[in-house]
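Down below is the structure, laid out as structure tokens.
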Amino acid sequence: MSPQPKIQTTSIVVVGNFTPTIFQPSWFAANDLITKQEAEAATVEIIAPPIAQFDAEWLRISVTQDRFMAQTAQEPYYEPLRDLVISVFTLLNHTPVKAMGINQNFHYQFKDSAAEQAFGNRLAPKTDWEDVLTDPKFNTLFVRGERPDEFNGYIFTRAEFSTKIRPGAFIEINDHYQLAFDTETVEAEIIPDILGSHWAESMARGRKIVEKIISLGDFK
Amino acid sequence: MISSDGLANSTDVHGSFETVKSVNLQDFPVRELLVSPNQDSANQTVIEHLNGGSQMFETRLNQTSLQQYLEVEQLDTLKKADRWINTQFRTLQKWEGYVIEVGAETFRAKVVALLGESSDMEADIYLEEIGEEDYALIKPGAVFYWSIGYLDGPSGRRRESIIRFRRLKTVTKRDLQQAESEAKALRSLFNEG
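From first to last, the protein sequence lines stand for chains R and L.
Position 163, counted from 1, in the first sequence is what the numbering used here calls 163; the numbers after and before it change by one each time, with no gaps.
One rule links them: number in the numbering used here = place in the second sequence (from 1) + 1000.
See below:
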């Protein structure tokens, strides 16, 4: 059996101009994006002009004036997460936005500490650094690839040792869509279009990248 | 990265970082918080809960807001961060389905595999599998997501089946109002003719 992540989360981040106080559990329930029960049981961390953040059963919403994020740590809710964000920006379709990211985070556990060291050495061979650094150790690997579709943006990958799973690796995939440049923005109606047509592709691409990275190590 | 005195250092592999002395980070594991100027717009600061599900806890606030809110509320939020990912669902099979017909105790649905090896099939699903708040959504044509797997939580592992009906806004009230007024205009044109 292939290694399974011990922790995985997926988030959709939209960069733009937002009014955080809109994004309360009651607003999501009133628009039938989450159930009333979920809204009533939600833990509101903060609702204030610069930031709104709450956790519902499967969902975390965090909104600042320039950034909207919806996230789940439970795989059964990945598609509901997508639907929720599609719905939010169908309702708020004139909101000015400039970028969107479909992000996947994974924590995998190594078989043992030796496997952890071997993985670090595989990504950043010590021998390449020993003549300029004393006892060099792998820290973080960033790899950026161009988008393979018609959009501007990039596919960004980060790998490092996990702080949650010991010994473990943390892998982040950021499937980034750059929708506008500099001070320009576009209307948020583009978000439902992209999520509706490119979600499965983005998610599959992320999984493929993760499989590639974990194939470089010895994981449980 | 954050130094052992709980304040932000000035350099790290991620680029150059700003010291934010108004933020007391003493209560947090030093590896898990990252304080940096925002990369894509000026006068903002990023507080990122590194790596433990990092982006979930990333917060961007402008400096005045940061001083006003972050010391108390946001740091409390960060403290609670782990609680949110304590429950993980390991999916064995996942389908997307739509309702064909609804009976007294079950509904018939066509399901297509999203994850796991399974061919398209029809299934009879007990209504009692569905949460009360989704009952109203069980109609022919309604889309749902069905996952079977293990739920790993603080109290151990258990097998779970989760069915969630789709809640999707593809048409806004404004769209409906606009369509209605266009229909009225057309009707009056026909009536005039």
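Backbone N, C-alpha and C fix where the C-beta goes; we use that ideal spot for every residue, glycine too.
task: If I'm right that residue 106 of chain R touches residue 8 of chain R with Cβ under 8 Å, what's the distance once you round it to whole angstroms?
output: 5 Å
- request: List the residues of chain L that residue 17 of chain R touches, going by C-beta distances under 7 Å, in chain order.
  value: Within chain L, no residue comes near residue 17 of chain R; the closest Cβ sits about 11 Å away, beyond 7 Å.
- prompt: So who's on the other strand from residue 1113 of chain L, going by DSSP bridges?
  reply: L:1095
message: With H, G and I counted as helix, E and B as strand and the rest as coil, what does DSSP make of residue 225 of chain R?
response: Residue 225 of chain R lies beyond the residue range present for chain R, which begins at 1 and ends at 220; the question has no answer from this structure.
query: How would you label residue 1054 of chain L, buried or exposed, when you count the other beta carbons within 10 angstroms and need 16 or more for buried?
result: The predicted position of residue 1054 of chain L is uncertain, since its pLDDT is 36 and thus under 50; a value taken from the coordinates is nonetheless stated next. Residue 1054 of chain L counts as buried, since no fewer than 16 other beta carbons sit within 10 angstroms of its beta carbon.
- prompt: When the Cα atoms are used, what is the spatial distance from residue 81 of chain R to residue 1 of chain R?
  reply: 28 Å
- prompt: Grouping DSSP H, G and I as helix and E and B as strand, with all else coil, what is residue 198 of chain R?
  reply: Of the three classes helix, strand and coil, the one that applies to residue 198 of chain R here is helix, per DSSP.
- prompt: Out of curiosity, what's the CA-to-CA distance linking residue 1088 of chain L and residue 153 of chain R?
  reply: 31 Å
Contacts around residue 151 of chain R, its chain only, beta-carbon distance under 7 Å, and the 5 residues preceding and following it disregarded: 177
- prompt: Out of curiosity, what's the CA-to-CA distance linking residue 1150 of chain L and residue 1163 of chain L?
  reply: 14 Å
- request: Tell me, please, which residues DSSP counts as bridged to residue 106 of chain R.
  value: R:8 and R:171
task: Spell out whether any CB of chain R is found under 8 Å from the CB atom of residue 1088 of chain L.
output: Interface residue, yes.
message: Measuring alpha carbon to alpha carbon, tell me which residue in R:213, R:165, R:96 and R:156 is nearest residue 202 of chain R.
response: R:156
query: Using a C-beta cutoff of 8 Å, does residue 86 of chain R count as contacting chain L?
result: Residue contact with chain L for residue 86 of chain R: present (Cβ-Cβ distance below 8 Å to some residue of chain L).
- prompt: In the segment 1155 to 1184 of chain L, which residue ranges form an unbroken beta strand (DSSP E) of at least 3 residues, counting only runs that do not cross its ends?
  reply: 1156 to 1165
task: Could you tell me whether the Cβ of residue 1145 of chain L comes closer than 8 Å to any Cβ of chain R?
output: yes
- prompt: Would residue 1145 of chain L pass as a contact of residue 1101 of chain L if the rule is Cβ separation under 8 Å?
  reply: Their beta carbons are not under 8 Å apart, which means residue 1145 of chain L does not touch residue 1101 of chain L by this criterion.
task: Taking residue 224 of chain R as the reference, give the member of R:12, R:208 and R:3 with the closest Cα.
output: Because residue 224 of chain R is not part of the residues shown, which for chain R are 1 to 220, the question remains open.
task: Spell out whether any CB of chain L is found under 8 Å from the CB atom of residue 171 of chain R.
output: It does not: the Cβ of residue 171 of chain R has no partner Cβ on chain L nearer than 8 Å.
- prompt: Counting along the chain, where does the beta strand (DSSP E) carrying residue 1152 of chain L start and finish?
  reply: 1143 to 1153
- prompt: My guess is that residue 1148 of chain L and residue 1092 of chain L are in contact by the Cβ rule of under 8 Å, so how many angstroms apart are they, rounded?
  reply: 5 Å
- request: Assess, as a yes-or-no matter, whether the segment 21 to 39 of chain R is touched by the segment 47 to 59 of chain R under the definition of 3 or more beta carbon pairs within less than 8 Å.
  value: Yes: the two stretches touch, three or more of their Cβ pairs being nearer than 8 Å.
field: Proximal residues of chain R, C-beta to C-beta of residue 1162 of chain L below 7 Å
entry: Simply 76.
- prompt: Which residues in chain L sit within 8 Å of residue 24 of chain R, going by Cβ to Cβ distance?
  reply: In chain L, no part has a C-beta under 8 Å from the C-beta of residue 24 of chain R; the shortest such distance is about 15 Å.
field: Residues near residue 67 of chain R by beta carbon distance below 6 Å, same chain, minus five either side
entry: The beta carbon of residue 67 of chain R lies closer than 6 Å to those of 15 in the same chain, with the five residues before and after it left out.
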